[in-house]
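From first to last, the protein sequence lines are chains A and B.
Numbers 343 to 456, taken from our numbering, label the letters of the first sequence in order.
Numbers -11 to 102, taken from our numbering, label the letters of the second sequence in order.
Note that the Cβ used here is the ideal one computed from N, Cα and C, for glycine as well.
Here's the structure, in structure tokens; my notes come after.
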Amino acid sequence: AQSVTQPDIHITVSEGASLELRCNYSYGATPYLFWYVQSPGQGLQLLLKYFSGDTLVQGIKGFEAEFKRSQSSFNLRKPSVHWSDAAEYFCAVGAREYGNKLVFGAGTILRVKS
Amino acid sequence: DVKVTQSSRYLVKRTGEKVFLECVQDMDHENMFWYRQDPGLGLRLIYFSYDVKMKEKGDIPEGYSVSREKKERFSLILESASTNQTSMYLCASSPTGQGYNEQFFGPGTRLTVL
């Protein structure tokens, strides 16, 4: 079965600093990978997704992620964090064999200090 | 834009009550999902539906049932609410595909069972 690990429960960064959120997945074939963001009291919004092609994916709000097959990772990055980026971030994995279901990681809560 | 709406943002019920959570999507998506979100556990799939009147159990279906009589509407039912069902409930929808389609989320319903 596929699984997703987000090793960091909480991360605190200073405004303007760079950010990297880690995501590791367990799946034998090529997965479909997603990053979602959840602002307080809101539903989840898609930041970016990868399913084929260029392994560096650009998303909304200045985020990017890189798929590294050898490391089974799909880490999310942003060069300069803004206070409005404070939220919870979820990595998710899908696969052809699992139809339309996604498996989500436990989430990483990002705090931004000024 | 895809819109997924949920009938209530906040709900307070008593133990033993029957609870209905409603979800409506306006993009003619075939798939609809109900998740439960708890701190540190991420999103866990309760049930999903890939067509009208079709449903499949997710990872934690115990204590829940669902109904999908119309394509745009997916209801989650707690037959006899218990305190351990206090949680955030998220509904999502997606078009049919091979696992690479993103899911679109509603704002969530925070349910408290007293």
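Residue 414/A: not part of any beta strand (DSSP E); DSSP gives it neither H nor E. When DSSP reads this structure, residue 56/B sits in no beta bridge, so it has no partner. Taking 9 angstroms as the Cβ-Cβ cut-off, the segment 52 to 69 of chain B has no residue approaching chain A. Contact between residue 33/B and residue 25/B is absent: CB atoms are separated by about 11 angstroms, not below the 8 angstroms threshold. Judged by DSSP in its simplified three-state form, residue 426/A adopts helix. In the three-state reduction of the DSSP assignment, residue 24/B falls in the strand class.
For the segment 421 to 452 of chain A, the beta-carbon criterion of a distance under 7 angstroms to any beta-carbon of chain B is satisfied by 432, 436, 437, 438, 440, 441, 442, 443, 444, 446, 447, 448 and 449.
When DSSP states are grouped into helix, strand and coil, residue 438/A belongs to the helix group. Separation of residue 415/A and residue 59/B (C-alpha to C-alpha, rounded to the nearest whole angstrom) is 36 angstroms. Positions of the beta strand (DSSP E) runs, each at least 3 residues long and wholly inside the segment 348 to 385 of chain A, are given as 352 to 356, 361 to 363, 366 to 368 and 374 to 380 in order along the chain. Of all residues in the segment 70 to 89 of chain B, only 78, 82, 84, 85, 86, 87, 88 and 89 place a beta-carbon less than 7 angstroms from a beta-carbon of chain A.
Beta-bridge partners assigned by DSSP to residue 89/B: none are found. Between the alpha carbons of residue 427/A and residue 433/A lies a distance of about 16 angstroms.
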